[in-house]
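In what follows, a single structure is set out as structure tokens and then discussed.
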Amino acid sequence: MKRSNVQAYTFLSPFLAFVLILYLLPAVLTVVMAFTSLNSSFVWKFNGPDNFLRMMKDPNTGIIARNTVLYVSITILFTLALDLALAILTTYFIRSERISEIFKAILMIPMVTPAVVYSVLWIWLLDASPNGLVNKIYQRLWGGGALNWIALQPFTVTVIATLVSSIAYGTIVFSSAIKSIPENQFKAARVDGAKELSIIFNIIVPNLRYHITFIALWETLGLLTNYVTILLITNGGPGIRSEVWALSAYHKAFVDRQYGYGSAISLVLIAVVTVLMLAIGAVTAAQNKES
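Structure below.
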């Protein structure tokens, strides 16, 4: 081995050790535990596919899977729509760079706020007592008593909370992409008499097709593995009305102490995430080839 290679691996060794200990090793342990009946007794007894068969027979599995699909699809749909609308508004219609940057900075606040603080703010806003901000507004406008919004609409609350914290990233990506569109395309469209709506759907959106696909896949990946906001605001309840797949794995492993079963649930999620990662790689490669 060349001396330069030895030096390179020496410098990389701390990073490689970090990846091995904190990423690869837990992943391997998760796969192994998925085929065991490991619980709070910490007895490693292999049970083959029993955890997966149990998962298929569990009546809650279908509900949790449906919640996950609805949570991801609805959030992605509104995220993409808002990302595009805000990017077009702040980049195409608002030509002032200063105003645009201030607006984007405001959008970044929920994204960079720690999850615990962000969730506590939502709990405070939706407080079931008459002192809750949303209840105060509701009582002032429509009268009536205070409502427990989180208990009444847990799924809607989790979608909105996630949506508010996720729109900044896509908006910034789309804004950068809009800026890269040649100005000649807009000038030619205006000379031909194209209206603003026509320019948006025939010039801006087609130029963002790869970016839209990337953001959709990227956000889907994040939503599938994210459960912290839901855990802190609704804890999957009431019952399992807002329980999603990743949160179910957490509850089974760290609340019910059914580590083997929780790992099996996680393994299914890992398989889905792996497919999405490959899709993201393919989209990125296609985008690079196109450019």
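Residue numbers for the sequence shown follow the numbering used here, beginning at 567 and rising by one. Glycine residues also receive a C-beta, built at the ideal position from the N, C-alpha and C atoms.
| field | For residue 681, the nearest candidate out of 646, 808, 695, 799 (CA to CA) | value | 799
| Three-way DSSP call (helix, strand, coil) for residue 800 in this model | coil
| query | Where do the ends of the alpha helix (DSSP H) carrying residue 781 lie? | reply | 775 to 791
| request: Enumerate in chain order the residues of its own chain whose CB-to-CB distance from residue 806 is below 7 Å, with the five nearest sequence positions on each side excluded. | output: 626, 629, 630
| query | Could you give the residue range of the alpha helix (DSSP H) that holds residue 604? | reply | Neither: residue 604 is in no alpha helix (DSSP H) and is coded neither H nor E.
| query | For residue 786, which residues of its own chain have a beta-carbon under 7 Å away from its beta-carbon, when the five flanking residues on both sides are left out? | reply | 638, 642, 842
| request: List the whole-angstrom C-beta distance separating residue 796 from residue 621, where the pair is believed to meet the contact cut-off of C-beta under 8 Å. | output: In fact, because the Cβ distance is near 20 Å, the residues do not count as touching under 8 Å.
| Do residue 648 and residue 766 come within 8 Å of each other at the CB atom, strictly closer than that value? | no
| Residue closest to residue 819, alpha-carbon to alpha-carbon, out of 742, 586, 593, 599 | 599
| query | Going by DSSP, what residues sit across from residue 612 in a beta bridge? | reply | 602
| Under 8 Å between C-beta atoms of residue 699 and residue 707 | no
| field | Neighbourhood of residue 803 by C-beta distance below 7 Å, restricted to the same chain and skipping five residues each side | value | 720
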